[in-house]
Amino acid sequence: MDTKEYFSYRKELLESSVYPDGGGYADSLFLDNILADLLETKLIDSEDINNCFHSSILDGSKLKLDAYCVNETGERLQVFLINETATSLGANEDNLILSTQAEYEEMFIKANNFIKKSINRHLDLQDSDPAYFIVEQLKSSDFINQIEVIEIFLVSPTITVSKRENQIIGLKRLNFKDKELKATYVIGKRREEKKILIRQTLIDLNFLYSVSLSKGNEYALEIDIEDVFGSKIEVLKAAETDDFESYLCVLPASGIASLYRKYSTRLLEKNVRSFLQFRGVNAGMRKTIRETPEKFIAYNNGLTITATNSEIESTDGKLYLKTLTDFQIVNGGQTTASIFFSNKDKLDISEINLMAKINIAKNLNDEDLNALISNISLYSNSQSKVSRVDLRSRDPKIDRIKQLSDTVLTPNGRKWFFEKSKGEFATRKRLTGGKIERDYPRKIRLSKTDIGKYHTAWGDQPWLVKKGGEKVFRTFMENLNGEGVRKGEIEIDRSFYEELIAKAILFRGMEDIHGVRNNAIGQLRSAVVPYSISVLYNMFGGTDKRDAKFNLEKLWKDQEIEEDLKVFLKSLMKKMYHLIDKYKFSTDVSENTKKKELWEAIKKSTDLKEFTKSNNALSIIKKYTFNKPKAKKSKEVDFSQLNEIVSLYSKTKEYYTKLENALIMYNVNNEVQLQYSQRLFSLYVAELFTNKKLSEQGIKFFDDLFSNIRINANSIFDQINVESDLSIPSALNKIMTIYGNAISDNKNIETIFQGHEQLARNKGLKYTSSITEIGKALSNGESPEFKHLSLASNYFKS
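All residue numbers for the sequence shown refer to the working numbering, where the first residue is 710 and numbers rise by one.
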């Protein structure tokens, strides 16, 4: 087995976990880098965690805990443990290949010791210790009464393999058996005892690299029906098509409660998961559970479940469900949670059953599978309040933001990179031999989570931004689609995109001003930054109904925050620390900042009003107030297809010759073939380099091919070392910059390009008429033809 890809990815992860000021590697940055993957695979609800980095020895036992969080409904404590022996860039690779559970159990035991010692009140810390609060919580009877599950995530940048006679034969996935921890606590004057479920989850390089390749479905939830429900479940086949099979069955509520206890909201499909807010048990359900549990099945609509695979056996003419892979509840999330919380509150659910419809997808690629699951979710919830927005990167507005990021250049001639789908940047990195990292350093890259956070932060909901996760992205999508606070869809055009980038510059700039480690203003950056941005928003007249009159356009044009504004923002964030401390309503400040009540108290405070009316604040308001004039609407050019063609063309014909040879050799030497059409490969290469054009089908062919190689045969990219021809990409960037500046300055596009044609003639260049043709197309709101771009490139590349 070749481990090169895994170690290369490990190196990338650790190098991106280094402070930009040269401060070296930090565990906190390493955790930040992997939290998005845990969110993507639904292992956590939010990337907002509390770092504590505690390591000690007590009574001969090693204790360690690096971070923790409590889920929104309060019954699940998730803790994080980093394998610090594996985070050094200079570590010996042989020591980073592990094969037994015992090697990882040694690490898990440190977190288990921390938890046990805290619950048993043997661990005492100073209140200045970052782990003090979680230790005190674990000592608290109220907290123990609330908690049902403690999940330990061991983050270890190691490869887990199977070996035979000391030879690696493949990757290994380790599952750790659940444990139960007895805890005694006091409620009122009554002594209680409970068993807390302890789950141990390994986050190794196998997992992280797989998710980076958009193969997180390899870690999809697999449910053993007999293990959960105590027996196989009889099912009735209701329908079968080429795409899916449907089964009907009855599920005991005790099994549903057990499932939710073990997996929490991971059971729920992303759209449902992000929408539902569990505020205790639905009153009607509680009454039925308490008074007439046998009628629950008649009163309740039941569950709709999807899966991508199943194991069903036939016995004596009956069908029995044994396992489900990629289990997701797409309708009935509130029912599932209500049953769990009723059982937690000691209501008897033993007589309750639920109807369930189980849809099992088959023979579908990832795109079609996502479409099917999204549609099942949408139509299953058509009678409920679940929003129609889609969190799976399939919304046309997200597509439009991606188009704009590919084609809109900043005034200084750069682009921001928006990674619409997981793994996209990794693919481009492979295709460009790493050049893309130089073109798009981390500070000008955006993820879906980022754009949702930055857009939402420019408003009046800082507590929601602090929560993070899918709920913030859902709020963003609902606002775009007219389902949020303001009615009416938002038009995704150049103006929207420029303002979105300005909001990103503001948010990230304020994070830099706040600082980290010894240079930080404090330890609550993830709360203080969005809270301070909301103050700025309100200072400039922003409300739920009205935009702030702040000069975002200046941020877009400068691509940075001006010095006087930096000074003011730093003073604002210092003030915010004081306000949070003054108006907090419990000792858990981090959790406080996720509550709307804290923001409302701060917003209405005399302290804040005095600050925003100070001379300093008034001078900032005067300088940065901007009444944006209504721009004259014109048909906007979509450069995305031309951009794709230019990117493919720049690889050169030699690249495709070598790629074709590498593909042929791969299929000769490997049993599992890479599926692609050699005939179409040759056809589209000829179309691109001979005819100077490429159809949409040709673009899709190469997109699919490169994605297939990245996921299944990544090493092929390493075999092709051909320098890209950047003359045409450079020319296109110049044209897009000229076009963008003309739009911003409201100038005549065709006249500007006619001027450039004259300059080209004066230089004695050929094919100058192509420059005017480009201008004509742009002024008509159309993308230039690739052949004209190719002919004009000698002028524009200079």
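No residue lacks a Cβ here, since even glycine has one placed at the ideal position from N, Cα and C.
All of these numbers come straight from a predicted model, not from anything done at the bench.
- DSSP places A1016 in the uninterrupted beta strand (DSSP E) bounded by L1012 to A1016.
- Under the DSSP definition of a beta bridge, E931 partners with T1034.
- Apart from sequence neighbours up to five positions away, the residues of its chain that approach F1411 with a beta-carbon distance below 8 Å are L1357 and Y1393, ordered along the chain.
- DSSP links Y894 through a beta bridge to E901.
- Assignment of beta-bridge partners to A800 by DSSP yields no partner.
- In this structure K891 is in contact with K904, their Cβ atoms being roughly 6 Å apart against a cut-off of 8 Å.
- Between Y1246 and W1167 a beta carbon distance of about 6 Å is seen, short of the 8 Å cut, so the two are scored as contacting.
- Per DSSP, H831 is not a residue of any beta strand (DSSP E), being assigned neither H nor E.
- As the crow flies, the alpha-carbon of I1289 is around 11 Å from that of S1314.
- Secondary structure note for Q1406: its alpha helix (DSSP H) is the uninterrupted segment E1405 to N1421.
- According to the DSSP assignment, E1128 belongs to the beta strand (DSSP E) that extends over F1126 to E1128.
- Non-local beta-carbon contacts of A1371 in its own chain, meaning distances under 7 Å to residues more than five positions away in sequence, involve I1425, Q1428 and I1429 in chain order.
- With contacts defined as CB atoms closer than 9 Å, F1127 and L1155 qualify as a contacting pair.
- When DSSP states are grouped into helix, strand and coil, Q1112 belongs to the helix group.
- A distance below 7 Å between beta-carbons, with the five flanking residues on each side excluded, links N1376 to the following residues of its chain, in chain order: Q1382 and L1383.
- DSSP places P1171 inside the alpha helix (DSSP H), whose first and last residues are P1171 to K1176.
- Contact annotation: L911 and L930 have beta-carbon atoms that are not nearer than 9 Å.
- Under the three-state reduction of DSSP output, G1132 falls in the coil class, being neither helix nor strand.
- Rounded to the nearest angstrom, the gap between the Cα atoms of L1073 and D952 is 7 Å.
- For the set E943, L957 and I942, the Cα lying nearest the Cα of E949 is the one of L957.
- By the C-beta density criterion, V895 is exposed, having fewer than 16 other C-beta atoms within 10 angstroms.
- Under the Cβ criterion (8 Å, minimum of three pairs), the stretch 1443-1456 counts as touching the stretch 1118-1133.
- Rounded to whole angstroms, the gap between the alpha carbons of L1487 and K713 is 46 Å.
- DSSP, read as helix, strand or coil, puts T950 in coil.
- For Y1029, the CB contacts under 6 Å within the same chain, skipping 5 residues up- and downstream, are K941, E943 and E1022 in chain order.
- By a beta-carbon distance limit of 8 Å, I1038 contacts I1014. Their separation comes to about 6 Å.
- For K1212 and N1084, the gap between their C-alpha atoms comes out near 33 Å.
- Going by beta carbons, T869 and L880 fall inside the 9 Å limit.
- In this structure, DSSP gives N1489 a state outside helix and strand, which the three-state scheme calls coil.
- Pairing D1169 with A1257, the inter-Cα distance amounts to about 11 Å.
- As a beta-bridge residue in DSSP terms, V779 pairs with L786.
- Put simply, the backbone Cα of V959 is about 27 Å away from that of L906.
- If you draw a straight line from the Cα of M1282 to the Cα of L1173, it comes to about 18 Å.
- One thing to note: L917 has its Cβ within 9 Å of the Cβ of I743.
- Between S1019 and T1034, the C-beta gap is smaller than 9 Å, which places the two residues in contact.
- If you look at G1218, you'll find it in the alpha helix (DSSP H) that goes R1203 to H1223.
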